[in-house]
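1178 is the number of the first residue of the sequence shown in this note's numbering; add one for each residue after it. Idealized CB from N, CA, C, for every residue including glycine. Given the structure is predicted, the values throughout are model-derived calculations rather than measurements.
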Amino acid sequence: MLSLSESKKVIHPEEESPLGLYFHVPFCSSTCDFCAFYQKKPSKKEKERYFLALKEEISSISADRLVSSVFVGGGTPGLLSERELINLGELIRTHRLAEGCEWSIELAPSEINARKLEVLRDMGVNRISLGVQTFDDRLMTELGRDHSPDKAREAFENIRSLGFDSVNLDLIFGIPGQSLEGWKADLHEAVNLEPEHISTYCLTFEEDTALYYRLSRGELKIDSERDAQFYEVAWDFLPSCGFGQYEVSNFARPGQECIHNLNTWHMNEWIGFGPSACTQFKGERRKNFSSLQKWSEVILESSEIQYEEFEKLSPYDLARDALVFGLRMNAGINFREIARKYDLADLSFEPVVKFLKLLDAEGMGVLSDQSFRLTSRGRIIADGIASELPDMNESKVDSLCE
């Protein structure tokens, strides 16, 4: 595999590539049984240290580029006080935000109120992602969530009343004890609220979560065939209601796709700030320490910046990842565009194309000239297909699909 030092190939000028910013707010009042994201209960002292380190981290990274998207996740960003949210907004605005920059924030229904929403609106947030998960009280308890479905409905109404016209609802399926009829009811209720975007995630059993421990003890089991049925219900129903599927788990009204996510899936660049945040920028991919203490110590007290994970990326690496993530998107992948984007004129996708031809023959995908996309049958197992994707060769790209 090529390294940056070994190759004269360069990625196209930075000005042509969107830049996203991600801010991880690690504080959460309680840990949901399914959540594996880095989080911790807040204290005044740790919040102060978080903002001190965040300000220093931002000032230490030079990115003289227009920012096309901002995403604030967690944790529970809505757990911050009004003053803390204002502080966060001021730090974010030290970057050059493009006109019309998409600025998203994740919110939990139990942690927001009208005043906080006013603060978010006034500081520039224009997209809310609301963690509903389910409208079933019993299943909410199964997930370890601390809000009721009524609280989620109330939160959505408050978001709308404050003028936010781009709202995503997060839903989860495959919850222990959830029926297909219950999943259909969740989808109907979500659509009836009339959001612009709906994300539907299959429950995963991540290590070090309460649900994973129950799985390891034999109290729960994974049923892939049943999960596929949940997928198919959403894939049939949501498009019939005007929500176009543009990625395995994401549906949007026309023109309301999440720009930040698309930027990530297309292997463009983003910078992550805060503990556990990931970055892909200037030929590097890195992850901050998943510890507020360790992350802040490195920034505030160390003479040398360190990361929990770090790797140099060649254009070849990025092209490979563009294929992998492209398989998850309904639009699929365009081989020649990927080769052009990363200046890989001598790259051949021939081994990949041979593999994709087999998928085409089995009705799992559609291969045509320079492009490929998975069908619904293929998207059900998109991750498995991506894991079997063969390597690419260094030969003429013109041999593609011949």
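DSSP beta-bridge partners of residue i
| i | result |
| --- | --- |
| residue 1429 | 1374, 1421 |
| residue 1581 | Lying before the first or after the last residue shown, residue 1581 is absent from the chain, which here runs from 1178 to 1579. |
| residue 1514 | The partner list for residue 1514 (beta bridge, DSSP) is empty, contrary to what the question assumes. |
| residue 1253 | For residue 1253, which the question treats as bridged, DSSP gives no partner whatsoever. |
| residue 1545 | 1548 |
| residue 1244 | 1274 |
| residue 1200 | 1249, 1450 |
| residue 1317 | Answer is none; residue 1317 lacks a bridge partner. |
| residue 1455 | 1464 |
| residue 1569 | Per DSSP, none; premise fails for residue 1569. |
| residue 1280 | 1247 |
| residue 1153 | Here the chain comprises residues numbered 1178 to 1579, so residue 1153 is not present and cannot be evaluated. |
Sub-8 Å separation of residue i and residue j beta-carbons
| i | j | result |
| --- | --- | --- |
| residue 1569 | residue 1513 | no |
| residue 1200 | residue 1450 | yes |
| residue 1448 | residue 1441 | no |
| residue 1423 | residue 1507 | yes |
| residue 1509 | residue 1551 | yes |
| residue 1467 | residue 1453 | yes |
| residue 1296 | residue 1263 | yes |
| residue 1477 | residue 1261 | no |
| residue 1196 | residue 1446 | yes |
| residue 1493 | residue 1533 | no |
| residue 1357 | residue 1410 | yes |
| residue 1247 | residue 1198 | yes |
| residue 1350 | residue 1377 | yes |
| residue 1292 | residue 1334 | no |
| residue 1554 | residue 1540 | yes |
| residue 1373 | residue 1285 | no |
| residue 1562 | residue 1536 | yes |
| residue 1420 | residue 1375 | yes |
| residue 1275 | residue 1231 | no |
| residue 1511 | residue 1470 | no |
| residue 1380 | residue 1354 | no |
| residue 1368 | residue 1418 | yes |
Rounded Cβ spacing between residue i and residue j (contact assumed at less than 8 Å)
| i | j | result |
| --- | --- | --- |
| residue 1289 | residue 1249 | With 8 Å as the limit, residue 1289 and residue 1249 do not qualify as a contact, their Cβ atoms being about 13 Å apart. |
| residue 1278 | residue 1239 | Wrong, their Cβ atoms sit about 19 Å apart, outside the cutoff. |
| residue 1204 | residue 1224 | 7 Å |
| residue 1298 | residue 1341 | 7 Å |
| residue 1301 | residue 1266 | 7 Å |
| residue 1363 | residue 1312 | 5 Å |
| residue 1462 | residue 1504 | Their Cβ separation, rounded to whole angstroms, is 19 Å, which puts residue 1462 and residue 1504 out of contact at 8 Å. |
| residue 1444 | residue 1526 | The Cβ separation is near 15 Å, so there is no contact. |
C-beta neighbour in chain B for residue i, strict 8 Å
| i | result |
| --- | --- |
| residue 1272 | As a matter of chain content, chain B is missing from the structure shown, which is built from one protein chain. |
Near the ligand GTP: residue i beta-carbon under 7 Å from a heavy atom
| i | result |
| --- | --- |
| residue 1435 | This structure lacks the ligand GTP, and indeed carries no ligand of any kind. |
Worksheet item: Between the stretch 1325-1333 and the stretch 1261-1278, are three or more C-beta pairs nearer than 8 Å?
Response: no
Worksheet item: Are the stretch 1305-1312 and the stretch 1343-1350 touching, with three or more C-beta to C-beta distances below 8 Å?
Response: yes
Item to complete: Determine, using beta-carbon pairs with one atom in the stretch 1330-1340 and one in the stretch 1410-1418, whether at least three such pairs fall under 8 Å.
Response: no
Discussion item. Check whether the stretch 1476-1486 and the stretch 1497-1508 are in contact - that is, three or more C-beta pairs closer than 8 Å.
Written reply: no
Fill in: Complete runs of the alpha helix (DSSP H) confined to the stretch 1458-1494 [at least 4 residues]
1469-1478
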